[in-house]
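*Asks:*
2 protein chains.
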Amino acid sequence: MQATIKDIAKATGFSVATVSRVLSNKKGFFSEKTAAKVNQVAKELGYKKNMSATELVTKKSNVIAALINSTKTNFSDSIIKGIQDKADELGKTVIILYAGDRDARAQKKALTTALERSVAGILLLSVDLSPENLTLLKSARTPFYFISITFQDTALPCITSNDHGIGYLATSYLIRQGHRRIGLAGLDFSDSYTGKLRLAGYQAALAENQLSAHSEWVQAGDYSYEAGIAALDAYAQNSELPITAVIAGSDMVGIGILNRASALKIPVPQKLSIVTIDGTDLCRIVQPPLTSVTQDFYKMGYVGLERLLENAAGITYTQSELTERKSVLAVKK
Amino acid sequence: MQATIKDIAKATGFSVATVSRVLSNKKGFFSEKTAAKVNQVAKELGYKKNMSATELVTKKSNVIAALINSTKTNFSDSIIKGIQDKADELGKTVIILYAGDRDARAQKKALTTALERSVAGILLLSVDLSPENLTLLKSARTPFYFISITFQDTALPCITSNDHGIGYLATSYLIRQGHRRIGLAGLDFSDSYTGKLRLAGYQAALAENQLSAHSEWVQAGDYSYEAGIAALDAYAQNSELPITAVIAGSDMVGIGILNRASALKIPVPQKLSIVTIDGTDLCRIVQPPLTSVTQDFYKMGYVGLERLLENAAGITYTQSELTERKSVLAVKK
DNA sequence: GCTCTTTGGGTAAACGTTTACAATAGCTTT
DNA sequence: AAAGCTATTGTAAACGTTTACCCAAAGAGC
Numbered sequence: 001m002q003a004t005i006k007d008i009a010k011a012t013g014f015s016v017a018t019v020s021r022v023l024s025n026k027k028g029f030f031s032e033k034t035a036a037k038v039n040q041v042a043k044e045l046g047y048k049k050n051m052s053a054t055e056l057v058t059k060k061s062n063v064i065a066a067l068i069n070s071t072k073t074n075f076s077d078s079i080i081k082g083i084q085d086k087a088d089e090l091g092k093t094v095i096i097l098y099a100g101d102r103d104a105r106a107q108k109k110a111l112t113t114a115l116e117r118s119v120a121g122i123l124l125l126s127v128d129l130s131p132e133n134l135t136l137l138k139s140a141r142t143p144f145y146f147i148s149i150t151f152q153d154t155a156l157p158c159i160t161s162n163d164h165g166i167g168y169l170a171t172s173y174l175i176r177q178g179h180r181r182i183g184l185a186g187l188d189f190s191d192s193y194t195g196k197l198r199l200a201g202y203q204a205a206l207a208e209n210q211l212s213a214h215s216e217w218v219q220a221g222d223y224s225y226e227a228g229i230a231a232l233d234a235y236a237q238n239s240e241l242p243i244t245a246v247i248a249g250s251d252m253v254g255i256g257i258l259n260r261a262s263a264l265k266i267p268v269p270q271k272l273s274i275v276t277i278d279g280t281d282l283c284r285i286v287q288p289p290l291t292s293v294t295q296d297f298y299k300m301g302y303v304g305l306e307r308l309l310e311n312a313a314g315i316t317y318t319q320s321e322l323t324e325r326k327s328v329l330a331v332k333k
Numbered sequence: 334m335q336a337t338i339k340d341i342a343k344a345t346g347f348s349v350a351t352v353s354r355v356l357s358n359k360k361g362f363f364s365e366k367t368a369a370k371v372n373q374v375a376k377e378l379g380y381k382k383n384m385s386a387t388e389l390v391t392k393k394s395n396v397i398a399a400l401i402n403s404t405k406t407n408f409s410d411s412i413i414k415g416i417q418d419k420a421d422e423l424g425k426t427v428i429i430l431y432a433g434d435r436d437a438r439a440q441k442k443a444l445t446t447a448l449e450r451s452v453a454g455i456l457l458l459s460v461d462l463s464p465e466n467l468t469l470l471k472s473a474r475t476p477f478y479f480i481s482i483t484f485q486d487t488a489l490p491c492i493t494s495n496d497h498g499i500g501y502l503a504t505s506y507l508i509r510q511g512h513r514r515i516g517l518a519g520l521d522f523s524d525s526y527t528g529k530l531r532l533a534g535y536q537a538a539l540a541e542n543q544l545s546a547h548s549e550w551v552q553a554g555d556y557s558y559e560a561g562i563a564a565l566d567a568y569a570q571n572s573e574l575p576i577t578a579v580i581a582g583s584d585m586v587g588i589g590i591l592n593r594a595s596a597l598k599i600p601v602p603q604k605l606s607i608v609t610i611d612g613t614d615l616c617r618i619v620q621p622p623l624t625s626v627t628q629d630f631y632k633m634g635y636v637g638l639e640r641l642l643e644n645a646a647g648i649t650y651t652q653s654e655l656t657e658r659k660s661v662l663a664v665k666k
């Protein structure tokens, strides 16, 4: 028996209309005295607005759904923090929905949950929608915005890092430190567009310095810790490492490489320098702390929500920057 | 203009009642032919149920709200995974709400969001509600259940690890490994009951072995990385460490201790053994990997949801176990 | 004293579902 | 043939809000 505005109306002697007006603060439609009385009775009765009813009649809601990918939530935290902060400023409330991990069924469930509740908008944090789910999303009238994911289809509204720039930044930094044989590890070049762009950035930086990558320098992977392990094992097949530095596709890849290197007694950074892509807190807590191309995840969330609400189209980029820690050694020429 | 059941009714020639029955699959109230037709038209029109309307009339919902604490989400991930899996089995959907970090305002907002949407139940993942928010929660008729948090008030329904047991387990393990001077670091003994219980378990194990703790052995903190750093600095004030092993209040504390130790050239585990409490993936990725008392977070989520729905009262404990990695050295007597 | 605003508040419809209750048709029983 | 089922469908009320529209009283201006 939740108390309703009817109960308040009865108790105060006012009509439901008046009660509704003071409770939703429609200024200028009631007197102070009325408001005071209504509010007091509402409190006494433990009144709580029934959002279903409100949303049913107003046909709008101030909730934003954020769909997240169940894996790799280590940077989602920052994105969500950004979203949350912006939402607070705007008086929106955000609900987070798990969209599984490349699982079309789970994606669909999360998507319909959001759509059925007619949320004001949907944010998708690195969720790579299956084609039919993408169609579903597009056919709904709910605004949506992707965060931290890059598509071939540039028409999809999203905010993300410039992945070409990331590859370029990491590579040219290592070149400036004197490295010439530079690996690239743990990126996925097949279905993910992100991987291809970073690779292109890497190659561009190399080419600009009259270098070119040997094929064994680039080791594909799935951005995981295990991919890092596998990459280092591939590099370490011969007694001499073919590279002096490696760019890891993610922090976890970087840590995998680091740990495998230490298991194989390859000192980092003396024998192998590492630059990691992402720059989450994980970089700080390993030893040596990993130099990284740090993405501005917080900002992605913060301005992502902004963009969603202004119905922006196209791609927005956030700035990445190189954060020097202790995993890169400058080599003397 | 989302299509509604009215539109489908018009298009098919049936009444809204029939359409509703087909769409919500009230078996035995319609013929196959009818169902086929209705479903087809629904699909054509891109019909999506309006949950607000449904919830308004049925006064029930199958969504579970999970409130989480914005910090320390590193183990929340496992808990959420558990919740999610159970929810999938049960056909429930879960929405995650951020409840800030010991911020009564944010807590209240998350709480009212959940309450206003009349969710089927509320799960609170290590959120330490302020007194007034607790009252608010209790006064609502919505079932709730705490996960991974212990209260003095044993009437509060929750599932968590046995914190006394954790302290005892870690300590007695170290004693069995031959340690006699054992520290305890990074726990909060003031407002959090958890810290007190773990301390009691620690003391119990010590006492059982005719040992007792020197006051400088236990260093309070707030479960953070920085608390670990501070604890080690406290231990390392004299040239000789007062302890041979330390129990870290959380993985982050353990890593803080580890890194500070390595900065000070104190080899782990040769000069200092570390047992960490939590046992998340973080333990695996540092060097040496940290031996831990591993809590079963996944299970907390999984059975937490179960318990919530069966309206269980009182405390349920999940089992913790000691996971040996590489941060503890057995000392010869 | 009369009309015109302004202020405060009431009436009732609408939002999209679900479901109790009725109604019909076609059977089966007796 | 009357009565009773069963299967299928329809009618309409209900859920708790919001809000367009209406109304009355109180001043304001003449």
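Note that the protein sequences, when read in sequence, are chains A and B.
Per the working numbering, the first sequence starts with residue 1, numbered consecutively.
Per the working numbering, the second sequence starts with residue 334, numbered consecutively.
Ideal placement from N, C-alpha and C gives every residue a C-beta, glycine not left out.
For clarity, every value in this text was computed on a predicted model and none was experimentally measured.
1. CA-CA distance, residue 190 of chain A and residue 197 of chain A?
2. Between the stretch 544 to 559 of chain B and the stretch 579 to 586 of chain B, do three or more beta carbon pairs fall short of 8 Å?
3. Kindly confirm or deny that the stretch 645 to 653 of chain B and the stretch 284 to 304 of chain A touch, where touching means at least three C-beta pairs closer than 8 Å.
4. Nearest chain A C-beta to residue 631 of chain B closer than 8 Å, yes or no?
5. So, does the stretch 505 to 514 of chain B touch the stretch 472 to 489 of chain B, judging by three or more C-beta pairs under 8 Å?
6. For the candidate residues A/305, A/310, A/117, whose alpha-carbon lies nearest to that of residue 693 of chain B?
7. I need the straight-line Cα distance from residue 171 of chain A to residue 305 of chain A, nearest angstrom please.
8. Return helix, strand or coil for residue 387 of chain B, following the three-state DSSP convention.
9. Between the beta-carbon of residue 496 of chain B and the beta-carbon of residue 487 of chain B, is there less than 8 Å?
10. Please state whether the Cβ-Cβ distance between residue 501 of chain B and residue 517 of chain B is less than 8 Å.
11. Counting only C-beta atoms, is residue 619 of chain B closer than 8 Å to chain A at any point?
12. Applying the 10 Å Cβ sphere with the 16-neighbour rule, what's the burial state of residue 423 of chain B?
13. So what's residue 347 of chain B in DSSP terms, helix, strand or just coil?
14. Which same chain residues, not among the five before or five after residue 242 of chain A, have their C-beta less than 8 Å away from its C-beta?
15. Quick one, are the C-beta atoms of residue 613 of chain B and residue 408 of chain B less than 8 Å apart?
16. What residues from chain B crowd round residue 121 of chain A, counting only those whose CB sits closer than 9 Å?
17. Determine, for residue 558 of chain B, whether the minimum Cβ-Cβ distance to residues of chain A falls below 8 Å.
18. Determine the burial state of residue 18 of chain A: buried for a count of at least 16 other Cβ atoms within 10 Å of its Cβ, exposed for fewer.
19. How many Å lie between residue 355 of chain B and residue 370 of chain B at the Cα?
20. With respect to the alpha helix (DSSP H) encompassing residue 163 of chain A, which residues constitute its N-terminal and C-terminal limits?
21. Quick one: grab the DSSP three-state call for residue 321 of chain A.
22. Can you name the start and end residues of the alpha helix (DSSP H) that residue 626 of chain B belongs to?
23. Could you list which residues in chain A have their beta carbon closer than 8 Å to that of residue 638 of chain B, in chain order?
24. Please classify residue 355 of chain B: does DSSP put it in a helix, a strand, or coil?
25. Just the C-alpha distance for residue 428 of chain B and residue 115 of chain A, rounded to the nearest angstrom, thanks.
26. Flag this pair as touching only if the stretch 260 to 277 of chain A and the stretch 126 to 134 of chain A have three or more C-beta atom pairs under 8 Å; answer yes or no.
27. Quick one: what's residue 97 of chain A bridged to in DSSP?
28. Between which two residues does the beta strand (DSSP E) holding residue 455 of chain B run?
29. Which residues bound the alpha helix (DSSP H) around residue 335 of chain B?
30. Hey, could you find the ends of the alpha helix (DSSP H) residue 630 of chain B is sitting in?
31. Of all the options A/111, A/93, A/126, which has the alpha carbon lying nearest to the alpha carbon of residue 444 of chain B?
32. Please identify, using Cβ separations under 7 Å, the residues of the stretch 259 to 291 of chain A that lie next to chain B, in order along the chain.
33. Please tell me whether residue 137 of chain A and residue 66 of chain A are closer than 8 Å, where the distance is taken between their beta carbons.
34. Would you kindly report the start and end of the unbroken beta strand (DSSP E) that includes residue 316 of chain B?
35. Tell me which residue opens and which closes the beta strand (DSSP E) that residue 145 of chain A is part of.
36. Any beta carbon from chain A within less than 8 Å of residue 656 of chain B's own beta carbon?
*Replies:* With the structure as the only source:
1. 11 Å
2. yes
3. no
4. no
5. no
6. Outside the displayed span of chain B (334 to 666) sits residue 693 of chain B, for which this structure offers no information.
7. 31 Å
8. helix
9. No. Outside cutoff.
10. Not a contact, by the Cβ cut-off of 8 Å.
11. yes
12. Exposed, by the Cβ-count rule.
13. coil
14. 181, 183, 214, 216, 217, 235
15. yes
16. Result: empty, since nearest Cβ-Cβ is about 15 Å, beyond 9 Å.
17. yes
18. The residue in question, residue 18 of chain A, is buried, as its Cβ has 16 or more Cβ neighbours within 10 Å.
19. 10 Å
20. 163 to 176
21. strand
22. No alpha helix (DSSP H) holds residue 626 of chain B; the beta strand (DSSP E) holding it covers 624 to 627.
23. Chain A residues near residue 638 of chain B: none, gap ~13 Å exceeds 8 Å.
24. Taken through DSSP and simplified to helix, strand or coil, residue 355 of chain B comes out as helix.
25. 13 Å
26. no
27. Partner(s): A/67.
28. Segment 454 to 458, the beta strand (DSSP E) holding residue 455 of chain B.
29. Where residue 335 of chain B is concerned, there is no enclosing alpha helix (DSSP H), because DSSP gives it neither an H nor an E.
30. 630 to 642
31. A/93
32. 259, 262, 285, 286, 287
33. no
34. An answer regarding residue 316 of chain B cannot be provided, because it is not within the stretch 334 to 666 covered by chain B.
35. Taken as a continuous stretch (DSSP letters only), the beta strand (DSSP E) holding residue 145 of chain A covers 144 to 147.
36. no
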